[in-house]
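A.B. asks:
Pasting the structure below:
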């Protein structure tokens, strides 16, 4: 079913959903006493290179609250919001305030893998669970860390077989020079090489971040390399620069494959026709035909009539759903420790992306990944679902 059909049906049911969203939220504890207000911390990039991503994470979490009477697990929620900025140097003091001053019982959000790695030890010391909603690197201590989005290596890993089968020749891999870039591109290159593929540049090329705004010298290298395809990961403003310049470069006729974040959300509108035909991999597409997605799209369109829901918003919406279930299971007086214990026992989570569950080894989703292509859906450019790729997670 095309996205426009889903959205039309969703809008028709929107008011009913808003009214019904909190039907199962009980404002009282099982003992009959009034449920206490809980403080939940949100940390995301609300300024800087990844502002669009952080804003979508915030909007997704707030959407779940809005459709559930601002309660999770029957408890009124006081959402404390802090700015992650461009990475660890700003994320750490912001997280410290949420932990020490605001005394949150759980933290969610976080855009950058480097920010996650820097903030996780603070949360572990305070015994506060993290229900992260964007990419995450490998961490030694996962006892209080859960991720509703993905491991950063999963994206590229899930499309490697498809590219190996479709591309007759070597591939050029390129991405940004920071932890998320290493993981995203590294997930592809590791799996691609394991499958017998060849990288024309021997190993991935990494561009200085966030200072690289002119990608044309790199595209000249790609053209000269005789690569038969390119695989990349960028997001936010860097993704806009990369795609628009690629379409104007000598390399423009070389097929471009990417992590879905290259063309996700508001960046696609900024890229315009330069993004047409890019094939990308993502764990969500707004045109997925399932009941949870129809509800999610309906609620999103009521609040954001001019925007399409993104994987960032979906994962943050799911983070709120995880906390809703965990807090409800954590007893009359939920603590960070009881909430964390409950998360580990949740089992399958109904989701707009399709049902998923936390992997016991990674505490991140075991989930399907989808191939999408940028093309016109009606009059608007969209990431249109092409096919299932693989189920990844452990």
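In mature numbering (1 follows the signal peptide of the UniProt record, and there is no 0), the protein residues as written are -23 to -1, 1 to 371.
Heads up, the beta-carbon is just placed ideally off N, CA and C, and yes, glycines get one too.
Sorted by chain position, which residues of the same chain lie with C-beta nearer than 7 Å to residue 106's C-beta, five sequence neighbours on each side aside?
C.D. replies: For the purposes of this step, residue 106 is taken as residue 129 along the chain shown, with counting starting at 1. Excluding residues within five positions, the ones whose Cβ falls inside 7 Å are 83, 121, 123, 313, 316, 317, 320.
A.B. asks: For residue 300, name the three-state secondary structure that DSSP assigns.
C.D. replies: Here the question's residue 300 lines up with position 323 in the chain shown. Helix.
A.B. asks: Could you pull the start and end residues of the beta strand (DSSP E) that residue 349 belongs to?
C.D. replies: Translated into the one-based positions of the chain shown, residue 349 becomes position 372. Per DSSP, residue 349 belongs to the beta strand (DSSP E) from 342 to 354.
A.B. asks: Take residue 199 and list the residues in its own chain whose beta-carbon comes closer than 7 Å to its own, dropping the five residues that flank it on each side.
C.D. replies: In the chain shown, counting from the first residue as 1, residue 199 sits at position 222. Around residue 199: 149, 207, 228, 231.
A.B. asks: For residue 333, list the residues DSSP reports as bridge partners.
C.D. replies: Locating residue 333 in the chain shown gives position 356, where the first residue counts as 1. As computed with DSSP, residue 333 is found in a beta bridge with 326.
A.B. asks: Please determine if the segment 357 to 367 and the segment 233 to 251 are in contact, where contact requires at least 3 C-beta pairs separated by less than 8 Å.
C.D. replies: yes
A.B. asks: By Cβ distance below 8 Å, which residues in the same chain neighbour residue 364 in space, the five residues on each side in sequence not counted?
C.D. replies: Start at 1 with the first residue of the chain shown, and residue 364 comes out as number 387. Cβ within range, chain order: 347, 348.
A.B. asks: Give me the residue from 223, 153, 216, 35 with the minimum Cα distance to residue 197.
C.D. replies: Position 220 of the chain shown holds residue 197. When each option's Cα is compared against that of residue 197, the closest is 223.
A.B. asks: Reducing DSSP to helix, strand and coil, say where residue 13 ends up.
C.D. replies: Position 36 of the chain shown, counting from 1, holds the residue named residue 13. In the structure shown, residue 13 sits in coil (DSSP, three-state: anything other than H, G, I, E or B).
A.B. asks: Per DSSP, what kind of secondary structure is residue 365 in: helix, strand or coil?
C.D. replies: Locating residue 365 in the chain shown gives position 388, counting from the first residue. Looking at residue 365 - three-state DSSP - the assignment turns out to be strand.
A.B. asks: Where are the beta strand (DSSP E) runs, 3 residues long or more, that stay fully inside the segment 122 to 189, in chain order?
C.D. replies: 122 to 124, 148 to 153, 182 to 184
A.B. asks: Which residues in the same chain have their Cβ closer than 6 Å to the Cβ of residue 238, if we skip the five residues on either side of it in sequence?
C.D. replies: Residue 238 sits at position 261 when you count from the first residue of the chain shown. 212, listed in sequence order.
A.B. asks: With residue 85 as the anchor, note down where its beta strand (DSSP E) starts and where it stops.
C.D. replies: Numbered from 1 along the chain shown, position 108 holds the residue referred to as residue 85. Boundaries of the beta strand (DSSP E) around residue 85: 83 to 86.
A.B. asks: On the three-pair Cβ rule with 8 Å, is the segment 96 to 116 touching the segment 39 to 59?
C.D. replies: no
A.B. asks: Do you know how far the Cα of residue 300 is from the Cα of residue 50?
C.D. replies: Here the question's residue 50 lines up with position 73 in the chain shown. Here the question's residue 300 lines up with position 323 in the chain shown. Approximately 7 Å, taken between the alpha carbons.
A.B. asks: Excluding five sequence neighbours on each side, which residues of the same chain lie with their C-beta closer than 8 Å to the C-beta of residue 99?
C.D. replies: Residue numbering aside, residue 99 sits at position 122 when the chain shown is read from its first letter. Closer than 8 Å at Cβ, skipping near neighbours: 69, 72, 73, 76.
A.B. asks: In the DSSP assignment, find the unbroken alpha helix (DSSP H) run with residue 53 in it and report its ends.
C.D. replies: Translated into the one-based positions of the chain shown, residue 53 becomes position 76. Run containing residue 53: none in the alpha helix (DSSP H); it sits in the beta strand (DSSP E), 52 to 60.
A.B. asks: Check each candidate in 176, 155, 153, 160 and name the one with the smallest Cα separation from residue 134.
C.D. replies: Position 157 of the chain shown holds residue 134. Residue 134 has its Cα closest to that of 160, out of 176, 155, 153, 160.
A.B. asks: Which residues in the same chain as residue -2 place their Cβ atom closer than 6 Å to its Cβ, once the five residues preceding and following it in sequence are excluded?
C.D. replies: In the chain shown, counting from the first residue as 1, residue -2 sits at position 22. With a pLDDT of only 38 at residue -2, under the threshold of 50, the placement of this residue in the model should not be trusted, and no figure is reported.
A.B. asks: Apart from the five residues just before and just after residue 130, which ones in its own chain have a Cβ nearer than 7 Å to its Cβ?
C.D. replies: Here residue 130 refers to the residue found at position 153 when the chain shown is read from its first residue. Here the set comprises 160, 163, 164.
A.B. asks: Checking 8 Å against the spacing of the C-beta atoms, do residue 125 and residue 296 come in under that value?
C.D. replies: The residue you call residue 125 lines up with position 148 of the chain shown. The residue you call residue 296 lines up with position 319 of the chain shown. Result yes, Cβ atoms of residue 125 and residue 296 sit closer than 8 Å.
A.B. asks: Using DSSP with H/G/I as helix, E/B as strand and the rest coil, what is residue 360?
C.D. replies: In the chain shown, residue 360 corresponds to position 383, counting from 1. Residue 360 sits in a strand when the DSSP states are folded into three classes.
A.B. asks: Should residue 55 go down as buried or exposed, given a rule of 16 or more other Cβ atoms within 10 Å for buried?
C.D. replies: Translated into positions along the chain shown, residue 55 becomes position 78. Label assigned to residue 55: exposed.
A.B. asks: Going by alpha carbons, who is nearest to residue 285 out of 370, 240, 343?
C.D. replies: For this step, residue 285 is matched to residue 308 along the chain shown. Closest option to residue 285, Cα to Cα, is 240.
A.B. asks: Is it right to say residue 180 is buried, meaning 16 or more other beta carbons lie within 10 angstroms of its own, or is it exposed?
C.D. replies: As a working mapping, residue 180 is identified with position 203 in the chain shown. Taking every protein chain shown into account, the CB of residue 180 has fewer than 16 other CB atoms within 10 angstroms, so this residue is exposed.
A.B. asks: Tell me, to the nearest whole angstrom, how far the beta carbon of residue 59 is from that of residue 18; I am working on the premise that it is less than 8 Å.
C.D. replies: To locate residue 59, count along the chain shown from 1; it is residue 82. To locate residue 18, count along the chain shown from 1; it is residue 41. Right, the Cβ-Cβ distance comes to about 7 Å (below 8 Å), so this counts as a contact.
A.B. asks: Look up residue 19 in the DSSP assignment and give the residues it is bridged to.
C.D. replies: Within the chain shown, the letter at position 42 stands for residue 19. Answer by DSSP bridge pairing, in chain order: 58, 85.
A.B. asks: Just mark residue 190 as buried or exposed, buried being the case when its beta carbon has 16 or more other beta carbons within 10 Å.
C.D. replies: One-based indexing of the chain shown puts residue 190 at position 213. When all chains shown are included, residue 190 counts as exposed.
A.B. asks: Quick one: Cα of residue 375 to Cα of residue 188, how far?
C.D. replies: Coverage of the chain is limited to positions -23 through 371, which leaves residue 375 absent and any answer about it impossible.
A.B. asks: Is residue 205 helix, strand or coil by DSSP?
C.D. replies: Position 228 of the chain shown, counted from the first residue, corresponds to residue 205. DSSP places residue 205 in coil when its eight states are reduced to three.
A.B. asks: When you compare only the Cα positions, how much space is there between residue 367 and residue 11?
C.D. replies: As a first step, residue 367 is located in the chain shown; it is residue number 390 there, counting from the start. As a first step, residue 11 is located in the chain shown; it is residue number 34 there, counting from the start. If I take the Cα positions, the gap works out to 46 Å.
A.B. asks: Have a look at 234, 217, 114, 281 and flag the residue whose alpha-carbon is nearest the alpha-carbon of residue 155.
C.D. replies: Translated into the one-based positions of the chain shown, residue 155 becomes position 178. Ranking 234, 217, 114, 281 by Cα distance to residue 155 puts 114 first.
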